[in-house]
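To start, the structure itself, in structure tokens.
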Amino acid sequence: MTSKACCSIPPVVQDTDSYKEKGTYETISNLKTYITGPRDAKTGIFVVYDIFGLPFPQTIQGSDILSTGTNSLVVIPDIFDGKPMPISGFPPDTPEKQKALGDFFAGPANPPATVEKIRSTIFPGIQAKFPGVEKWAILGYCWGGKVTTMLSTAGTPFKASVQCHPAMLDPSDAGKLVVPHLCIATVDEDAGDVKKFEANLPGDLKEKSKVVKWDDTFHGFMAARANLKDQGNYEFYQKGYKLAVHFLNESL
1 MTSKACCSIP PVVQDTDSYK EKGTYETISN LKTYITGPRD AKTGIFVVYD
51 IFGLPFPQTI QGSDILSTGT NSLVVIPDIF DGKPMPISGF PPDTPEKQKA
101 LGDFFAGPAN PPATVEKIRS TIFPGIQAKF PGVEKWAILG YCWGGKVTTM
151 LSTAGTPFKA SVQCHPAMLD PSDAGKLVVP HLCIATVDED AGDVKKFEAN
201 LPGDLKEKSK VVKWDDTFHG FMAARANLKD QGNYEFYQKG YKLAVHFLNE
251 SL
């Protein structure tokens, strides 16, 4: 472990309504993109947000934390191009909301189509914009965790990957990973699937990867659904980002 891996994170702002983002927005690959951290960094983190899109201060603050904690450039492209799933539709507790969510996952949030879009246009545009970044990691929340896992297979341009409170966790995806991987699951993820996912990690990645399941917190606690005014959520938000920063510092 290097000294870089002995990480710390900046103080977390609990009043997210007053959070002042540290980065800026630019258009890259025809998408609004949040960029934070040193432009001359040698390491970068490509963030795939949850289905609620940009700009949620909980997610933005998380990216600022990742940048500060790893001294990396962090980018969040607006993959849904300003048309995310409305957070008012969650939880999907009515037939109408369930249909809307299903339609969104089948359409704009279709994982294979999103993976292809990132591979073919979005990430190459990021690489061209920041040619000085020598090593990239990828981190995704919820739906973005599924996309992240699918982008961490053979031929990936990423050196490490992280999925936070993953949606559609599939144990068979673990066996296809080719880079160190961190999975942060919660009470809302199926315990059996989490165990199988960990068991299916390739042998050469088991020591370099980590799977945790925190049953005292919920799906979404590190991104748009986080309520940092709640002390328990605030503490797990810090814990999650400390773990992610530590893992990325060891892996990049």
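Going by full-length UniProt numbering, the first residue of the sequence shown is number 1, and it counts up by one from there.
Every residue gets a Cβ at the ideal spot worked out from N, C-alpha and C, and that includes glycine.
* Grouping DSSP H, G and I as helix and E and B as strand, with all else coil, what is residue 26? -> In this structure, DSSP gives residue 26 an extended state, which the three-state scheme calls strand.
* So is residue 198 buried or exposed if we call it buried at 16+ other beta carbons inside 10 Å? -> By the neighbour-count rule (16 or more Cβ atoms within 10 Å), residue 198 is buried.
* Given a threshold of 16 other Cβ atoms within 10 Å of its Cβ, counted over all protein chains shown, does residue 225 qualify as buried or as exposed? -> Buried: at least 16 other Cβ atoms inside 10 Å.
* Asked: On the three-state DSSP scale, how would you describe residue 158?
  -> Three-state DSSP puts residue 158 in a strand.
* Under the rule that 16 or more other beta-carbon atoms within 10 Å means buried, what is residue 41, buried or exposed? -> Buried: at least 16 other Cβ atoms inside 10 Å.
* Can you list, in chain order, the residues of its chain whose CB lies under 8 Å from that of residue 134, leaving out five sequence neighbours each side? -> Once the five neighbours on either side are set aside, the close Cβ partners of residue 134 are 42, 43.
* Across which residues does DSSP place residue 35 in a beta bridge pair? -> In the DSSP output, where bridge partners are listed per residue, residue 35 has 24, 75.
* **Proximal residues to residue 255 (C-beta, below 8 Å), its chain only, five neighbours per side dropped** => The chain is shown from 1 up to 252; residue 255 falls before or after that span and cannot be answered.
* **CA-to-CA distance, residue 87 to residue 222, given in whole angstroms** => Distance between the alpha carbons of residue 222 and residue 87 is about 15 Å.
* Would you say residue 28 and residue 125 are within 7 Å of each other, going by their C-beta atoms? -> Result yes, Cβ atoms of residue 28 and residue 125 sit closer than 7 Å.
* Reduced DSSP category for residue 49 - H, G, I as helix; E, B as strand; rest coil -> Coil at residue 49, not helix or strand.
* To do: Verify the contact flag: residue 109, CB atom, against every heavy atom of the ligand NAP, threshold strictly below 6 Å.
  => Ligands are entirely absent from the displayed structure, and the ligand NAP is therefore not among its contents.
* From the DSSP output, in three-state form, read off residue 252 for me. => In this structure, residue 252 counts as coil in the three-state DSSP scheme.
* Measure the alpha-carbon distance for residue 49 versus residue 75 and round it to whole angstroms. => In this structure, the alpha-carbon of residue 49 lies about 10 Å from that of residue 75.
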